[in-house]
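Using the numbering used here, read the sequence shown as starting at 12 and increasing by one per residue.
Here a beta-carbon is modelled for each residue, glycine too, at the ideal position from N, C-alpha and C.
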Amino acid sequence: MRTVATIAAATAIAGALLLALTLGSGDAEAQKIDPRRPSVLVVGPPRGAAPMQRLDARRSGLSKTFLPSGPLSIAWRKPTGLTIDHPPLIAADGSLVVVSSRGDVGFYDDRGDEKATIKVGAAQVGPAAMTSDGTIVFLSTSGDAMGVRRGASPPIRYTTRIGGERNTRAAPLALDDGGVVVATLTDLVVLDAEGNVRARVTLPEQPAAPLVAAGDKVLAVTSTGAVFGWTPGHDSVRLGSFGAPIDGGAALTTQGTLLAVIEGNHLAEVDVVRGSRATWSIASQGIYLGPPAVREIPGGTSIAMLGAMTHTLGFVLALDPAGQELLRAPVAKFQPNVLPDGGMPPLQTPPHTGMIIDARGAIAFATTDGRIGTIAPDGALDTLGDTFCAKGSRGGVAGLTPFGANAFAVACEGGLIARIAGGNTPPPPAAKPSPSPTPSSSADSDKLRRREP
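Right, here's the structure in full:
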């Protein structure tokens with residue numbers, strides 16, 4: 012199963028991999044090699060547990076390691092002094108990689124010890140991705156693509172002028188050939204392993220979600236919900252549309268469909284081959300919170316895990332393509348704002364953070380009010396209690412990232428990072444889907460359900 016864009020082909024020069032279809036257009040160039048100095052090109056899928064936003068090139072939110080399944084505890088917490096806008100990454104050696112809003116990059120081991128810090132000092136940077144050789148790449152407000160790597164000399168490996176404005180929503184996509192695709196507000200740009208521009212395309216609309224890999228194409232979901240596919244060296248092609256802006260990002264299922272939350276209460280998919288759109292589920296009351304996390308279950312079907320809320324309760328849901336709820340776990344309670352006439356105001360989507368999952372069905376989540384918790388494969392709920400991060404624009408939580416076996420990391424926007432561990436060693440994955448937990452007895456827990464035909 013391919014997990015990153017398969018847009019590389021072997022060459023005879025130093026074992027480098029070039030973009031497929033390079034010969035089809037002058038807009039794509041080969042990896043540049045300087046024969047006057049030795050070069051080592053590392054290729055293949057990035058080896059870290061979370062080399063890019065939403066963990067992988069499908070943006071599945073699916074952890075390669077088990078998440079906690081026992082009572083939660085804070086293994087350590089550490090203030091970094093940084094402002095953090097995006098979830099941390101995980102390097103090949105297991106280090107937690109924290110990229111600040113100014114582009115300074117900190118590396119921390121599983122004991123919380125700071126192993127290195129690379130000072131960049133940009134005014135502002137967008138989300139980052141880690142390439143095959145461990146280079147962390149992001150765009151600055153000045154329109155430069157910057158690549159930094161721990162252990163390199165100098166640690167800032169390259170600064171490549173891209174132009175345009177940084178895109179805070181379209182996270183970069185690392186490629187199998189050691190390169191990376193970055194997005195401005197208008198363009199997609201392929202950089203090779205040395206930071207050289209290899210290909211570029213201007214999209215008709217603004218990319219507005221983390222870039223996704225699908226076969227030989229890079230998928231970009233725009234601000235209107237349109238889905239464009241691009242094979243470097245060729246023009247972009249409109250593959251379909253969600254019909255509305257998506258919430259937080261889209262995940263590619265193993266069946267080849269993009270899944271996202273639209274219009275607040277729809278979980279919808281777009282078939283990127285046929286261009287069709289279908290609805291998995293509609294919340295007749297309340298709203299869904301994207302992006303969804305997806306995993307495959309026995310039988311070749313994908314299921315989605317996502318947040319949901321009404322005026323008084325927050326939930327974690329698991330849904331199948333028919334809209335059947337496999338899991339409904341109440342995880343938060345809210346005090347509703349009642350209007351003077353006794354009614355409820357329209358429900359607005361609050362700032363929120365995407366959850367992560369593992370192959371067994373365990374889930375790690377952050378509620379909209381900043382609480383951290385997990386749901387075990389058998390439906391057992393455990394939380395850390397009080398609000399973990401200081402209140403901020405996303406409940407203070409910048410993101411969650413798997414951080415070794417039976418653990419995950421929490422990054423707070425104010426700069427606090429922590430490793431959350433479980434008390435029990437996870438068992439091997441079950442052969443069958445996990446049973447659903449007992450539904451809440453609250454009447455409000457029935458407000459989120461699939462609309463019957």
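Tell me the rounded alpha-carbon separation between P256 and G236. Here the question's residue 256 lines up with position 245 in the sequence shown. Here the question's residue 236 lines up with position 225 in the sequence shown. Those two C-alpha atoms are separated by around 4 Å.
How would you write the range of the beta strand (DSSP E) that M316 sits in, first residue to last? By 1-based counting over the sequence shown, the position of residue 316 is 305. First-last of the beta strand (DSSP E) with M316: T312 to M320.
Contact belief for A204 with R161 at Cβ below 8 Å, rounded distance in angstroms: Position 193 of the sequence shown, counted from the first residue, corresponds to residue 204. Position 150 of the sequence shown, counted from the first residue, corresponds to residue 161. Wrong, their Cβ atoms sit about 16 Å apart, outside the cutoff.
Cutting at 6 Å between CB atoms, please list the residues of its own chain near A133, excluding the five before and the five after it. On the sequence shown, position 122 is the one that residue 133 refers to. Taken in chain order, the residues that qualify are R113, G114 and S151.
Decide if I85 is buried, meaning its Cβ has at least 16 other Cβ atoms within 10 Å, or exposed. Walking along the sequence shown from the start, residue 85 turns up at place 74. Exposed, by the Cβ-count rule.
For the beta strand (DSSP E) that contains H277, what are its first and last residues? Numbered from 1 along the sequence shown, position 266 holds the residue referred to as residue 277. Note, H277: beta strand (DSSP E), H277 to D282.
Sub-8 Å separation of P98 and T394 beta-carbons: Here residue 98 is taken as the residue at index 87 of the sequence shown, counted from 1. Here residue 394 is taken as the residue at index 383 of the sequence shown, counted from 1. Result no, Cβ atoms of P98 and T394 do not sit closer than 8 Å.
Helix, strand or coil: which one does DSSP assign to D352? As a position in the sequence shown, residue 352 is number 341, starting the count at 1. Of the three classes helix, strand and coil, the one that applies to D352 here is coil, per DSSP.
Can you tell me where the beta strand (DSSP E) holding T412 begins and where it ends? As a working note, residue 412 is residue 401 in the sequence shown. Run containing T412: V408 to P413, per the beta strand (DSSP E) assignment.
Start-end ranges of the alpha helix (DSSP H) lying completely within the segment 183–260, minimum 4 residues: none
Pick helix, strand or coil for S80, following the three-state DSSP scheme. Position 69 of the sequence shown, counted from the first residue, corresponds to residue 80. It is coil, neither helix nor strand.
Separation of P332 from T264, as counted between CA atoms: For the purposes of this step, residue 264 is taken as residue 253 along the sequence shown, with counting starting at 1. For the purposes of this step, residue 332 is taken as residue 321 along the sequence shown, with counting starting at 1. Using only the alpha carbons, I get a separation of about 11 Å.
With a threshold of 16 other CB atoms inside 10 Å of the CB of A375, please say whether the residue is buried or exposed. One-based indexing of the sequence shown puts residue 375 at position 364. Result: buried.
How far does the beta strand (DSSP E) with K344 in it extend, from its first residue to its last? Within the sequence shown, numbered from 1, the residue matching residue 344 stands at position 333. E336 to K344 is the span of the beta strand (DSSP E), which, as asked, contains K344.
Kindly list the residues whose CB is nearer than 7 Å to the CB of S234, restricted to its own chain and excluding five residues on each side of it in sequence; keep chain order. The residue given as residue 234 occupies position 223 in the sequence shown. So the list reads E216, Q217, A219 and P256, once near-sequence residues are dropped.
Return the residue from the list P90, A262 and Q296 that minimises the CA-CA distance to E280. By one-based count along the sequence shown, residue 280 stands at place 269. The candidate whose alpha carbon is nearest that of E280 is A262.
Nearest-angstrom beta carbon gap, A156 and L202 [assumed within contact, 8 Å]: The residue labelled residue 202 in the question sits at position 191 within the sequence shown. The residue labelled residue 156 in the question sits at position 145 within the sequence shown. So it is a contact: roughly 6 Å between Cβ atoms.
Rounded C-alpha distance that separates E424 from T364: Working through the sequence shown from its first residue, we reach residue 424 at position 413. Working through the sequence shown from its first residue, we reach residue 364 at position 353. Taking the straight line from one Cα to the other gives about 12 Å.
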